[in-house]
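Contents: one structure, followed by commentary.
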Amino acid sequence: MFGGGAVLLSVREGAASFCPIRSFLDESQCQHWELRFCAITCCFSPLEATDRILQEIAAVGHRLETMDARISELTIASSSIRADIAGFRETVHNLDQRLTIMEEHVAVLPGQEAELRSLRAKVTDLEDRSSRDTIRLFGIPEHKEGSDVKTFLKNLLPELTGLEYSPPLEFQRAHRIGPLQRATPDKPRPIIVCFLRHEQARQTILAAKSQGSYSLEGQEIRVVADFSRPTNEKRKAFLPFVPNSGT
Numbered sequence: 001m002f003g004g005g006a007v008l009l010s011v012r013e014g015a016a017s018f019c020p021i022r023s024f025l026d027e028s029q030c031q032h033w034e035l036r037f038c039a040i041t042c043c044f045s046p047l048e049a050t051d052r053i054l055q056e057i058a059a060v061g062h063r064l065e066t067m068d069a070r071i072s073e074l075t076i077a078s079s080s081i082r083a084d085i086a087g088f089r090e091t092v093h094n095l096d097q098r099l100t101i102m103e104e105h106v107a108v109l110p111g112q113e114a115e116l117r118s119l120r121a122k123v124t125d126l127e128d129r130s131s132r133d134t135i136r137l138f139g140i141p142e143h144k145e146g147s148d149v150k151t152f153l154k155n156l157l158p159e160l161t162g163l164e165y166s167p168p169l170e171f172q173r174a175h176r177i178g179p180l181q182r183a184t185p186d187k188p189r190p191i192i193v194c195f196l197r198h199e200q201a202r203q204t205i206l207a208a209k210s211q212g213s214y215s216l217e218g219q220e221i222r223v224v225a226d227f228s229r230p231t232n233e234k235r236k237a238f239l240p241f242v243p244n245s246g247t
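full-length UniProt numbering numbers the first residue of the sequence shown as 1 and each following residue consecutively.
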């Protein structure tokens, strides 16, 4: 124990001047190391005790430096995480704004859907009205009309319907519809006819409805009004319940 006080005083002075230990040790830890240093001075000679204590101090300092380096790494990682979180927050904010805009658009959709249905109904009505003077003939064999479809129909329609048209039939246009490649002997392309006079188109449709269908050289001929696709689909739904539904 002789000389231990002087050694401990020297060690204390050295520890007090060792910045890392002084920075990180609180009062209770300092007391712990003082007791440990005292134990060392009891077991070793003053010189050996001093060396041991300095080694302990150096080891603690090394551990503190390691901890400081790890803390620096954690600080950098924490900064990176904070930056990522800030980026995520910005992304979430942008998504929230976009979601708000989409919700506003969705809220408007019911009104737009009703408006769209109304516009479709108007377009269908306009298409049907513009086709009031138009009929379609199904079942006429390909090339039967020759090169002049209008002249062919002026002779054919009175023969099929039994009507005496006065004044004589006149057409705005008459031609087959659809690609020739799809035509077959059993399913020739239909002929679409636009009358010059609405009354003659109406008479032809009424005659076709009353007679159902016609026959030309053993081939069944059907005469139907030219409606828009939506109207045709509605009419087809009622065909099983309508007599003479062929027209």
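Just so you know, even glycine gets a beta-carbon here, dropped at the ideal spot from N, CA and C.
Residue i classed as buried or exposed, judged by whether at least 16 other C-beta atoms fall within 10 angstroms
{"i": "P185", "result": "exposed"}
{"i": "V123", "result": "exposed"}
{"i": "A83", "result": "exposed"}
{"i": "K119", "result": "The amino acid occupying residue 119 in the given sequence is Leu; Lys does not appear at that position. Exposed, because fewer than 16 other Cβ atoms sit within 10 Å of the Cβ of L119."}
{"i": "Q200", "result": "buried"}
{"i": "T100", "result": "exposed"}
{"i": "F241", "result": "exposed"}
{"i": "E145", "result": "buried"}
{"i": "F195", "result": "buried"}
{"i": "F238", "result": "exposed"}
{"i": "T91", "result": "exposed"}
{"i": "V11", "result": "Caution applies to V11, whose pLDDT of 47 falls short of 50 and renders its modelled position unreliable; the model cannot decide the point."}
{"i": "L160", "result": "buried"}
{"i": "T66", "result": "exposed"}
{"i": "T50", "result": "buried"}
{"i": "A59", "result": "exposed"}
{"i": "A114", "result": "exposed"}
{"i": "A174", "result": "buried"}
Residue i (DSSP reduced to helix, strand or coil)
{"i": "H175", "result": "strand"}
{"i": "A225", "result": "strand"}
{"i": "L99", "result": "helix"}
{"i": "L116", "result": "helix"}
{"i": "E65", "result": "helix"}
{"i": "P240", "result": "helix"}
{"i": "L169", "result": "coil"}
{"i": "G87", "result": "helix"}
{"i": "H143", "result": "coil"}
{"i": "S78", "result": "helix"}
{"i": "S131", "result": "coil"}
{"i": "E164", "result": "coil"}
{"i": "I21", "result": "Legend: pLDDT at I21 = 48, less than 50; position of this residue unreliable, no value from coordinates given."}
Start and end residues, alpha helix (DSSP H) containing residue i
{"i": "L156", "result": "V149 to T161"}
Start-to-end residues for the beta strand (DSSP E) that takes in residue i
{"i": "L137", "result": "T134 to F138"}
- Query: Are at least three pairs of beta-carbons, each pair with one atom in the segment 148-158 and one in the segment 166-176, less than 8 Å apart?
  - Reply: yes
- Query: Any contact of the segment 202-217 with the segment 130-148, i.e. 3+ C-beta pairs under 8 Å?
  - Reply: yes
- Write down every uninterrupted run of the beta strand (DSSP E) in the segment 183-237 whose length is 3 residues or greater and which is fully enclosed by it, in chain order. 191-195, 214-216 and 219-225
- Message: Contact between the segment 188-196 and the segment 137-147 is defined here as three or more beta-carbon pairs at a separation below 8 Å; is this criterion met?
- Response: yes
- Item | Cβ contact check for the segment 171-182 and the segment 216-229: 3 or more pairs under 8 Å | no
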